[in-house]
Amino acid sequence: MITHLRVQNFRSHRDFTAEFREGATVITGPNGSGKTSLIEAIYIALNGKSWRSNFAEILNEAEGKIASWWRVDVGFANGEKRIMKFANGQKSFQIDQKTFARLPAKSRIPVVLFEPGDLQLLYGSPTRRRDFFDRFISEISPEHQTNLNKFSRVLRQRNNLLKSGFANAENLFVWDLQFADLSEKISQKRANIAKLLNENLNQKYQEIANKNDEISLKFLPGGSLKSSEILAELKRTGNKVFATTSGAQKDDFKFLLNNKNAKTAASRGENRTIIFAILARMTEILRETFGDVYVILDDIDSELDDSRKSNLYKISSLSQDNLFATTLKFHGKKTNQIELN
1 MITHLRVQNF RSHRDFTAEF REGATVITGP NGSGKTSLIE AIYIALNGKS
51 WRSNFAEILN EAEGKIASWW RVDVGFANGE KRIMKFANGQ KSFQIDQKTF
101 ARLPAKSRIP VVLFEPGDLQ LLYGSPTRRR DFFDRFISEI SPEHQTNLNK
151 FSRVLRQRNN LLKSGFANAE NLFVWDLQFA DLSEKISQKR ANIAKLLNEN
201 LNQKYQEIAN KNDEISLKFL PGGSLKSSEI LAELKRTGNK VFATTSGAQK
251 DDFKFLLNNK NAKTAASRGE NRTIIFAILA RMTEILRETF GDVYVILDDI
301 DSELDDSRKS NLYKISSLSQ DNLFATTLKF HGKKTNQIEL N
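See the structure below:
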């Protein structure tokens with residue numbers, strides 16, 4: 001577990017230090033007090049990157065002057081120390097006095113992340129839902145992100161060729177082969193993760209909501225899950241279209257509440273409860289896989305009633321030392337609280 005955090009010239013913080021005890025940590029304070037910045041610093045220490053912006057945008061700005069560097073120091077209960085620096089456009093990661101240009105893959109610690117934009121999972125675009133679940137899949141299988149990057153390039157090249165007016169069976173074939181192979185790998189991963197998340201998902205939801213409602217996650221493939229069938233479909237459409245109309249780029253996920261589309265059936269509180277049930281299940285899966293997992297939740301419990309707020313922190317997969325959350329106000333028990341002004 002993380003026991004110590006110091007940030008310097010990090011967003012709104014010129015120099016701030018926090019000590020953490022056993023148990024979940026909740027950071028409270030008004031908007032603009034720097035709550036999210038602290039969990040962002042922790043996320044960088046664990047994952048080597050920010051989910052919010054590039055490193056240059058993190059530099060503290062005060063009285064119209066932008067700092068030339070920022071630094072994050074993190075200490076762990078096992079004695080490990082990590083230092084992240086950004087100065088003059090260069091970043092560095094130091095782990096127990098060994099310095100790296102980027103955080104080594106073996107030093108990355110799995111993180112389950114919730115940020116306010118994830119509230120649009122039910123109502124937002126398929127791209128948002130794909131990105132959310134792809135982020136989780138990549139924590140378990142890093143090659144998934146590699147396949148996503150390759151797939152994006154192949155899809156772009158294929159679509160550019162279709163739009164050029166010079167596409168034919170011969171010059172499309174090389175892209176079709178790569179597209180079909182990557183599409184199958186990506187969609188199969190998404191289908192498998194939906195099946196895995198559904199296991200025990202009801203229990204997580206009911207623990208928070210204190211109701212017997214049933215929820216489930218359904219994967220909606222954007223085409224066949226077999227590369228041979230994908231290839232046949234691409235051959236059939238040939239150059240008759242100006243964009244690739246089926247494949248992993250069309251995949252989507254659907255949430256069901258009592259066998260009804262949660263997008264229309266769920267209230268705002270139920271929407272958030274569904275998302276936290278998904279996060280709790282994700283955390284459970286990662287802990288079973290890796291053991292050491294961190295949970296970072298930004299603006300965690302707004303729009304939840306008092307009962308659901310209380311139940312949220314009682315979920316076994318979330319009530320751990322390695323949980324950091326932010327909220328405006330919190331009056332719970334069995335959690336550490338850091339209050340910012």
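Mapped onto this note's numbering, the consecutive letters of the sequence shown carry residue numbers 1 to 341. Ideal placement from N, C-alpha and C gives every residue a C-beta, glycine not left out.
Legend entry - Proximity winner among Leu196, Asp118, Glu139, Ser164, relative to Phe242 (alpha-carbon distances): In the sequence shown, counting from the first residue as 1, residue 242 sits at position 242. With distances taken between Cα atoms, Phe242 lies closest to Ser164.
Inset, instruction - Reducing DSSP to helix, strand and coil, say where Ala18 ends up. - result: Taking the first residue of the sequence shown as 1, we reach residue 18 at position 18. Reduced to three states, the DSSP call for Ala18 is strand.
Inset, instruction - Spatial neighbours of Arg71 within its chain, please: CB distance less than 6 Å, with the 5 preceding and 5 following residues excluded, ordered by chain position. - result: Sequence index remark: in the sequence shown, residue 71 carries index 71 (1-based). These residues qualify, in order along the chain: Gln8, Lys85.
Inset, instruction - Tell me where the beta strand (DSSP E) around Met84 begins and ends. - result: The residue you call residue 84 lines up with position 84 of the sequence shown. Segment 81-87, the beta strand (DSSP E) holding Met84.
Legend entry - Beta-carbon proximity list for Ala101, same chain, < 6 Å, skipping 5 on both sides: Taking the sequence shown and counting its residues from 1, the one referred to as residue 101 is at position 101. Counting only Cβ-Cβ distances below 6 Å, and skipping sequence neighbours, we find nothing.
Inset, instruction - Use the C-beta contact count for Val26: other C-beta atoms within 10 angstroms, 16 or more gives buried, fewer gives exposed. - result: The residue given as residue 26 occupies position 26 in the sequence shown. So Val26 ends up on the buried side.
Inset, instruction - Figure out for me which residue from Gln178, Leu122, Ala265, Ala18 has the closest Cα to the Cα of Asn147. - result: Here residue 147 refers to the residue found at position 147 of the sequence shown. Of the candidates Gln178, Leu122, Ala265, Ala18, the one whose C-alpha sits nearest the C-alpha of Asn147 is Gln178.
Legend entry - Supposed close pair Thr283, Lys35 - CB separation, criterion 8 Å: Here residue 283 refers to the residue found at position 283 when the sequence shown is read from its first residue. Here residue 35 refers to the residue found at position 35 when the sequence shown is read from its first residue. So it is not a contact: roughly 21 Å between Cβ atoms.
Inset, instruction - Measure the CB-CB distance between Ala87 and Trp69 and report whether it falls below 8 Å. - result: Taking the first residue of the sequence shown as position 1, residue 87 is located at position 87. Taking the first residue of the sequence shown as position 1, residue 69 is located at position 69. Yes, the Cβ-Cβ distance between Ala87 and Trp69 is below 8 Å.
Inset, instruction - For the beta strand (DSSP E) containing Asp134, list its first residue and its last residue. - result: By 1-based counting over the sequence shown, the position of residue 134 is 134. First-last for Asp134: 126-140, but that is the alpha helix (DSSP H), not the beta strand (DSSP E).
Inset, instruction - Taking Gln188 as part of the alpha helix (DSSP H), name the residues at either end of that continuous run. - result: Taking the first residue of the sequence shown as position 1, residue 188 is located at position 188. For Gln188, the uninterrupted alpha helix (DSSP H) run begins and ends at 169-198, by DSSP.
Inset, instruction - Ignore the nearest five residues each way along the sequence and tell me which others in Gly247's own chain have a CB closer than 7 Å to its CB. - result: Residue 247 sits at position 247 when you count from the first residue of the sequence shown. Phe179, Ser183, Gly222, Gly223, Ile230.
Inset, instruction - Identify the continuous alpha helix (DSSP H) that holds Gly269 and give its terminal residues. - result: Working through the sequence shown from its first residue, we reach residue 269 at position 269. Per DSSP, Gly269 belongs to the alpha helix (DSSP H) from 268-290.
Inset, instruction - Spatial neighbours of Leu197 within its chain, please: CB distance less than 6 Å, with the 5 preceding and 5 following residues excluded, ordered by chain position. - result: Start at 1 with the first residue of the sequence shown, and residue 197 comes out as number 197. Only Leu217, Arg281 meet the Cβ criterion.
Inset, instruction - If I'm right that Ile58 touches Phe10 with Cβ under 8 Å, what's the distance once you round it to whole angstroms? - result: Counting from 1 along the sequence shown, the entry for residue 58 is found at position 58. Counting from 1 along the sequence shown, the entry for residue 10 is found at position 10. The Cβ separation is near 6 Å, so the contact holds.
Inset, instruction - Kindly give me the distance between the Cβ atoms of Ile137 and Val74, rounded to whole angstroms, as I take these residues to be in contact under 8 Å. - result: Sequence index remark: in the sequence shown, residue 137 carries index 137 (1-based). Sequence index remark: in the sequence shown, residue 74 carries index 74 (1-based). The pair is not a contact, with the Cβ atoms about 26 Å apart (cut-off 8 Å).
Legend entry - Leu155 beta carbon less than 8 Å from that of Thr244: Walking along the sequence shown from the start, residue 244 turns up at place 244. Walking along the sequence shown from the start, residue 155 turns up at place 155. Yes, Cβ-Cβ distance for Thr244 and Leu155 is below 8 Å.
Inset, instruction - Could you pull the start and end residues of the beta strand (DSSP E) that Asn9 belongs to? - result: On the sequence shown, residue 9 is found 9 positions in, with the first residue counted as 1. Taken as a continuous stretch (DSSP letters only), the beta strand (DSSP E) holding Asn9 covers 2-10.
Legend entry - Contact set for Asn159: own chain, Cβ-Cβ below 7 Å, skip 5 residues either direction: Here residue 159 refers to the residue found at position 159 when the sequence shown is read from its first residue. Short of 7 Å from the beta carbon of Asn159, and not among the five residues preceding or following it, lie these beta carbons of its own chain, in chain order: Ala243, Thr244.
Legend entry - Test item: CB-CB of Phe253 and Ala194 under 8 Å: The sequence position of residue 253 within the sequence shown is 253, counting from 1. The sequence position of residue 194 within the sequence shown is 194, counting from 1. A contact, by the Cβ cut-off of 8 Å.
Legend entry - C-beta atoms of Lys235 and Leu122 nearer than 8 Å: The residue you call residue 235 lines up with position 235 of the sequence shown. The residue you call residue 122 lines up with position 122 of the sequence shown. Taking 8 Å as the Cβ cut-off, Lys235 and Leu122 do not qualify as a contacting pair.
Inset, instruction - For Asn210, name the three-state secondary structure that DSSP assigns. - result: As a first step, residue 210 is located in the sequence shown; it is residue number 210 there, counting from the start. Coil, per DSSP.
Legend entry - Pairwise C-alpha distance: Asp292 and Ile274: In the sequence shown, the residue the question calls residue 274 occupies position 274. In the sequence shown, the residue the question calls residue 292 occupies position 292. In this structure, the straight-line span from the alpha carbon of Ile274 to that of Asp292 is close to 24 Å.
Inset, instruction - Leaving out five residues on either side along the sequence, give the residues of the same chain with a beta carbon under 8 Å from the beta carbon of Asp213. - result: If you number the sequence shown from 1, residue 213 lands on position 213. So the qualifying residues of the chain are Tyr205, Gln206, Leu257, Asn258, Glu270.
Inset, instruction - With a 10 Å radius around its C-beta and 16 neighbouring C-beta atoms as the bar for buried, classify Ser37 as buried or exposed. - result: Your numbering for residue 37 matches position 37 in the sequence shown. In the assembly as shown, Ser37 is a buried residue. Its beta-carbon has 16 or more other beta-carbons within 10 Å.
Inset, instruction - Could you say which of Asp134, Ala62, Glu339, Leu161 lies nearest to Ala191 if we only look at CA atoms? - result: For this step, residue 191 is matched to residue 191 along the sequence shown. Per the Cα distances, Asp134.
Inset, instruction - Would you mind working out which of Glu22, Gln90, Arg128, Arg14 sits nearest Ile66, comparing C-alpha positions? - result: Translated into positions along the sequence shown, residue 66 becomes position 66. The shortest C-alpha separation from Ile66 is found at Arg14.
Inset, instruction - Compare the beta carbon distance of Tyr43 and Ile278 with 8 Å and say whether it is the shorter of the two. - result: For the purposes of this step, residue 43 is taken as residue 43 along the sequence shown, with counting starting at 1. For the purposes of this step, residue 278 is taken as residue 278 along the sequence shown, with counting starting at 1. No, Cβ-Cβ distance for Tyr43 and Ile278 is not below 8 Å.
Inset, instruction - Tell whether a beta-carbon distance below 8 Å holds between Ser33 and Leu340. - result: Within the sequence shown, the letter at position 33 stands for residue 33. Within the sequence shown, the letter at position 340 stands for residue 340. A contact, by the Cβ cut-off of 8 Å.
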